[in-house]
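The block underneath contains the structure these notes are about, expressed in structure tokens.
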Amino acid sequence: MIEPVVTAAGYDLEDVNVSRAGRRHVVRVLVDTDGGISLDDVAVVSRAISDALDAAEESGGELLAGEYQLEVGSPGVDRPLTEPRHWRRNTGRLVAVNGLIGRVISTDDTGVTLDVDSATRELAWTDLGAGKVQIEFKRMDEAEFDDTDLGDDDEEDEGEGEE
156 MIEPVVTAAG YDLEDVNVSR AGRRHVVRVL VDTDGGISLD DVAVVSRAIS
206 DALDAAEESG GELLAGEYQL EVGSPGVDRP LTEPRHWRRN TGRLVAVNGL
256 IGRVISTDDT GVTLDVDSAT RELAWTDLGA GKVQIEFKRM DEAEFDDTDL
306 GDDDEEDEGE GEE
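Residue numbers (my numbering): 156 to 318.
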């Protein structure tokens with residue numbers, strides 16, 4: 156029931172989880188799209204899903220009896236890469252898969268191409284396990300700072316120290 160609503164809104168349904176929290180149900184829905192999903196997108200999908208769930212309840216459906224709390228979000232970087240679209244959406248990122256760590260160069264109908272230690276490795280979808288995006292932090296010595304936002308510590312404030 157949720158998947159057609161998400162698909163009609165132009166997004167991919169990544170996961171649905173329904174659990175109980177006291178007297179109400181908690182419905183967690185993860186959605187994504189090739190261009191990434193914004194907070195505005197999440198709000199649009201959330202309203203559409205909520206309307207569909209409310210309509211189902213009003214028509215006598217026993218999908219979720221009683222109160223429910225709807226949580227809609229995106230999968231996040233810790234979500235395993237299991238579908239070709241997940242890999243495509245992470246082109247350029249560093250990933251760990253099948254004991255390798257490499258950067259996703261490209262994907263196609265047959266699999267994914269990784270740059271592993273400056274060597275190209277092609278892995279077929281059928282041989283590919285779940286991948287994990289590796290979080291990269293820029294080293295402090297590589298970071299670029301803009302001096303324009305810093306205060307003028309070299310200049311004395313006018314009137315300071317005068318009585």
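Where a beta carbon is used, it is the ideal one built from N, C-alpha and C, also for glycine.
Just so it is clear, the structure is predicted and the values come from calculations on it, not from any experiment.
Subject >> Given residue 286 as reference, the closest of 250, 226, 174 once Cα atoms are compared >> reply: For the purposes of this step, residue 286 is taken as residue 131 along the sequence shown, with counting starting at 1. Selected option, being the one with the closest Cα: 250.
**OP:** Mind checking who residue 228 pairs with in its DSSP beta bridge?
**Re:** Sequence index remark: in the sequence shown, residue 228 carries index 73 (1-based). Residue 228 pairs with 185.
Original post:
DSSP on residue 318, reduced to helix/strand/coil?
Top reply: For the purposes of this step, residue 318 is taken as residue 163 along the sequence shown, with counting starting at 1. For residue 318, the predicted model reports a pLDDT of 48, less than 50, meaning its position is unreliable and no value from the coordinates is stated.
Original post:
Leaving out five residues before and five after residue 201 in sequence, what residues of the same chain have Cβ atoms less than 7 Å from its Cβ?
Top reply: Along the sequence shown, read from residue 1 onward, the residue named residue 201 stands at position 46. The residues are 225, 227.
**OP:** Closer than 8 Å by C-beta to residue 318: which residues in its own chain qualify, once you throw out the five before and the five after it? Chain order, please.
**Re:** Reading the sequence shown from its first residue, position 163 is the one you call residue 318. At residue 318, the pLDDT of 48 sits below 50, so the modelled position is not reliable; the number obtained from the coordinates is stated separately. There are no such residues.
**OP:** Give every residue of the same chain whose Cβ lies closer than 6 Å to the Cβ of residue 182, excluding the five residues on either side of it in the sequence, and list them in chain order.
**Re:** Counting from one through the sequence shown, the residue named residue 182 turns up at place 27. Closer than 6 Å at the Cβ level, and outside the excluded window around residue 182, lie 173, 223, 225.
Original post:
Taking DSSP as the reference, what is the three-state secondary structure of residue 204?
Top reply: Counting from one through the sequence shown, the residue named residue 204 turns up at place 49. It is helical.
**OP:** Name the residue from 244, 206, 167, 205 whose alpha carbon lies nearest to the alpha carbon of residue 187.
**Re:** Reading the sequence shown from its first residue, position 32 is the one you call residue 187. Among 244, 206, 167, 205, the Cα nearest to that of residue 187 is on 167.
Subject >> Cβ pair count under 8 Å reaching 3, the region 203 to 215 against the region 156 to 166 >> reply: yes
Original post:
So residue 178 and residue 221 are in contact, right, with Cβ under 8 Å, and what is the actual spacing, rounded?
Top reply: Residue mapping note: residue 178 aligns to position 23 of the sequence shown, counting from 1. Residue mapping note: residue 221 aligns to position 66 of the sequence shown, counting from 1. Confirmed, Cβ separation roughly 6 Å.
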